[in-house]
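The sequence shown lines up with residues 164 to 670 when you count with the working numbering. Cβ atoms here follow ideal geometry from the backbone N, Cα and C, with glycine treated the same way.
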Amino acid sequence: MTEERLMDKIIDVCLRRGFISPAAEIYGGVGGFYEYGPLGTLMMQKIIDLWRQIFVLDDDRVYEIAGSVLLPESVFQASGHLDSFEDPQVQCKSCKSMFRADEIISDAVNIKAEGLPLEELDKIVEDNNIKCQKCQGDLDKAKQFNLMFKAEVGSTGGINAYLRPETAQNIFINFKRLAGFMRNKLPFGIAQVGSAFRNEISPRNFILRVREFQQMEIEMFYDPDKENEHEHYEEIREIEVNLVTREMQEKGWTKPLKITIEEGLEKKHIPNQYMAFFMAMETEMLKVLGIPEDVFWFRHMQDHEAPHYSAGNYDLEVDLSIGHMEIIGNALRTDYDLQKHAKASGTSYEIVADNKKIVPHVAEPSLGVGRILYAILEKCYQDDGRGWTWFKFPSTIAPLEVAVFPLMKKDGLAEYAYDLHHDLKDAGYLSFYDVSGKIGKRYARADEIGIPYCVTIDYDSLKEGSVTIRDRDTMKQIRVPVEDLEVVIGELSEGEAKFEEFGDFLP
Ligand code: GAP
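Right under this line is the structure:
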C-alpha cells in the first residue's frame with residue numbers, strides 16, 4: 164500500500180459509512196469545510212468527553228466556558244492577530260493559482276520552510292526553480308496573507324469583526340470576570356471547546372488542514388515565581404514522554420528521546436511543571452484513544468516556527484502516512500496576551516499573589532479535535548486480508564460499542580434481539596441493531612466501522628437464554644448467558660478482562 168493511498172482509503176470509508184464528508188457536497192463544496200456525519204460526530208464527542216474528564220472535571224481549579232465565535236476587530240488588533248496571524252503565499256504568474264509558500268517548497272524540495280522570512284522563501288523558490296503545481300508556470304514573489312475571516316456586524320455594517328482563529332482570545336478578554344469567579348487566586352485554568360476559523364491558503368489532506376475546525380483549549384494562569392509548584396506534579400513525575408529537543412533537530416534526529424517528566428525538567432528539556440503536566444496528560448490521553456506512544460512526540464519548535472504570542476512551543480506531532488503532523492500545540496504564552504489586552508482596553512489585569520501584584524503567566528495546550536480524530540482513524544485502520552477493511556478502535560473511541568443481530572427475522576428472534584439492544588442502550592452502551600443481510604455480511608459491516616463486539620441471537624438463545632459474542636479483533640466467538648451480557652461487555656470494553664476468560668471459543 165502506498166502512503167498516499169492510505170489517506171484515500173480512509174476517506175472512502177469516511178464518506179460511505181457516515182464519518183465525515185465535504186460541506187455543501189451537492190453544490191460542489193468549498194475547500195476546507197467538512198461535516199461530521201453520525202459516526203464522526205459520536206467519535207468527536209468521545210474525544211471531547213475524554214479531554215473534559217482528564218483536563219477539566221478531574222481538576223478542581225479548572226472550569227469551562229463557551230465564548231462567542233465572532234469578536235470585534237479591537238480584540239485582534241490588541242492580540243496581534245491582525246498584524247501577525249499570516250502565512251506566506253505565492254501566486255502562479257500564468258494560471259493565478261495560489262499556494263502556501265512553505266508548502267510548495269516542502270512538496271518540491273523537502274525543505275522545512277515554515278516561519279522563514281519572505282526573502283528566504285523567494286530565494287529557495289528561485290534557487291530550486293520551483294514551479295506552479297498546476298500548470299508549471301513561474302511563481303511570483305511571496306506575500307503575507309492574513310488568515311482571519313472578516314465579517315461586518317449590524318444592518319448598516321460598519322462594525323468590523325472577525326471569526327476567532329483560536330478559542331483562546333475569549334478567555335483573555337474576559338479574564339477579569341473569570342479571575343473574580345476563581346476568587347482571584349492562582350493558579351487556575353479556563354477551558355473551552357469550540358469552532359475556530361482560518362482562511363487557509365491551501366486547505367489539504369482531508370480534515371488535517373481545514374478552514375473551520377474544533378479546538379479544545381485551556382489557558383492555565385499561574386504565578387511565574389511558582390512555575391514549579393504544580394499541585395499534581397507527584398502524580399505525573401514518573402510518566403514517560405517522547406521528546407525532540409532543538410539540539411536533536413540541529414543534529415538531524417531519527418528517533419525521539421524517551422524520558423520521564425522528572426528527567427525532562429531536570430535537563431531543562433521541559434520548561435516548567437505546568438507544561439510538563441499537559442505533556443504527560445496528553446500522552447496518556449492519546450494512548451487511551453488508540454494512538455500508540457511510539458508514533459508521537461513533543462517537538463520543541465524553533466523560534467521562527469512558534470506563533471507570535473509564544474515564548475516556546477512544545478507541539479505534539481504524529482508520524483502519519485502523509486508525514487509528521489502537529490495535532491496539539493502547547494504554548495508558553497507568558498503574560499503576552501493579558502498585557503496586550505490590559506493595555507489596549509485600559510482594564511487592570513493584575514492579581515495579588517503572595518502580597519505582590521502580578522499579571523499571571525499562561526501555559527496553553529491547544530488540541531485539534533479533527534487532527535486527533537484523523538490520527539486515530541489512520542492508526543486503527545486495518546487491511547489484513549480479511550476481505551474487508553476494519554478499524555481496531557478501542558471501545559473508548561469506537562463510535563458504536565456493540566452490535567446486536569438476530570440470526571433470522573422470524574420466530575421471535577428479531578423481537579428478542581431488539582429488546583436486548585435496547586437493554587444495552589439503557590445500560591449506557593452505544594448499541595447498534597442490524598437485521599438485514601447474511602450474518603457474515605453484518606459482521607463485515609460492523610468491522611468496517613470498528614464495532615468491537617457483535618452479539619448474535621439464535622434459536623438456542625430462546626431455548627437456553629444464551630447468546631454468542633464475536634470479538635472484532637480475533638473474529639473468535641464465545642457463548643455467554645444473556646443475563647451476564649452487560650457485565651461481560653462492560654469488562655471487555657474497560658479492558659478489565661480478556662475475551663477468552665468468559666468462555667471457550669466456538670468452533
Ligand atoms: N491557541 C493556540 C493555537 O491555536 P495552533 O497550533 O495554531 O495553536 C492548535 O492550533 C491546534 O489546532 C493544532 O495543533 C491543530 O490540531 C488545530 N489546527 C490548527 N489549524 C488547523 C487547521 N487549519 N485545520 C485543522 N486543525 C487545525
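Cβ-based neighbour list, residue i, same chain, cut-off 6 angstroms, excluding 5 preceding and 5 following
| i | result |
| --- | --- |
| E227 | V219 and A354 |
| A538 | I454, V481 and I490 |
| V407 | W416, P419, W460 and R462 |
Rounded C-alpha distance that separates residue i from residue j
| i | j | result |
| --- | --- | --- |
| G300 | R367 | 21 angstroms |
| M207 | D290 | 44 angstroms |
| G653 | Y616 | 11 angstroms |
| N292 | F461 | 34 angstroms |
| I322 | S231 | 16 angstroms |
| L202 | R180 | 8 angstroms |
| A609 | S599 | 12 angstroms |
| G591 | Q545 | 28 angstroms |
| D667 | F556 | 24 angstroms |
| P235 | V253 | 29 angstroms |
| R346 | L495 | 24 angstroms |
| K710 | Y190 | The requested residue 710 is not part of the displayed model; the chain covers only 164 to 670. |
| E188 | I424 | 46 angstroms |
| A342 | E403 | 33 angstroms |
| M448 | D221 | 13 angstroms |
| T552 | K389 | 51 angstroms |
| D634 | K588 | 19 angstroms |
| F384 | H524 | 6 angstroms |
| V451 | G613 | 16 angstroms |
| A314 | Y325 | 6 angstroms |
| N435 | V272 | 37 angstroms |
| G361 | R549 | Note that residue 361 is Arg in the sequence shown here, rather than Gly. Distance between the alpha carbons of R361 and R549 is about 41 angstroms. |
| K430 | E392 | 17 angstroms |
| F376 | K306 | 25 angstroms |
| I174 | G658 | 29 angstroms |
| L536 | K256 | 38 angstroms |
Residue i and residue j closer than 8 angstroms at C-beta
| i | j | result |
| --- | --- | --- |
| F665 | K639 | no |
| A474 | D386 | no |
| T319 | G357 | no |
| S508 | E564 | no |
| K209 | T559 | yes |
| A561 | P569 | no |
| P277 | D285 | Just to set this straight, residue 277 is Glu in the shown sequence, not Pro. Cβ atoms of E277 and D285: not closer than 8 angstroms. |
| A526 | M442 | no |
| S484 | M261 | no |
| E671 | V176 | With the chain covering only 164 through 670, there is no way to say anything about residue 671. |
| R327 | A359 | yes |
Closest by C-alpha distance to residue i, when choosing among the options
| i | options | result |
| --- | --- | --- |
| Y197 | P280, R374 and S247 | R374 |
| M488 | K573, L530, E513 and Y499 | L530 |
| K572 | V650, D621 and A276 | D621 |
| M444 | Q216, F384, R168 and R642 | Q216 |
| K259 | P419, F239, D285 and Q296 | Q296 |
| G317 | L284, A359, G352 and L233 | L233 |
| F312 | L245, S257 and E659 | L245 |
| R534 | V567, H524 and G492 | G492 |
Exposure of residue i, with buried meaning 16 or more beta-carbon neighbours within 10 Å
| i | result |
| --- | --- |
| L371 | buried |
| Q332 | buried |
| E398 | exposed |
| D597 | buried |
| F338 | buried |
| P528 | buried |
| C543 | buried |
| C298 | exposed |
| H584 | buried |
| D478 | buried |
| G195 | buried |
| T637 | exposed |
| V650 | exposed |
| E382 | buried |
| G603 | exposed |
| R168 | exposed |
| R340 | exposed |
Beta-carbon contacts of residue i that lie in its chain and below 7 angstroms, excluding the five residues immediately before and after
| i | result |
| --- | --- |
| R409 | H463 and Q465 |
| I211 | V356, M379 and V532 |
| D250 | R263, F308, L310 and I364 |
| G575 | L625 |
Chain-order list of residues whose beta-carbon lies under 8 angstroms from that of residue i (same chain, five-residue window excluded)
| i | result |
| --- | --- |
| S242 | Q332, F335, Y472, D500, K503 and H504 |
| V522 | D498, L501, Q502, A505, Y512, E513 and I514 |
| R224 | M345, P350, F351, G352 and E394 |
| K520 | E513 and I514 |
| I268 | I274, A276, L284, I287, V288, N291 and I293 |
Distance cut-off 7 angstroms: residue i Cβ against heavy atoms of the ligand GTP
| i | result |
| --- | --- |
| P470 | With respect to the ligand GTP, the structure offers nothing, as its ligand set consists of the ligand GAP. |
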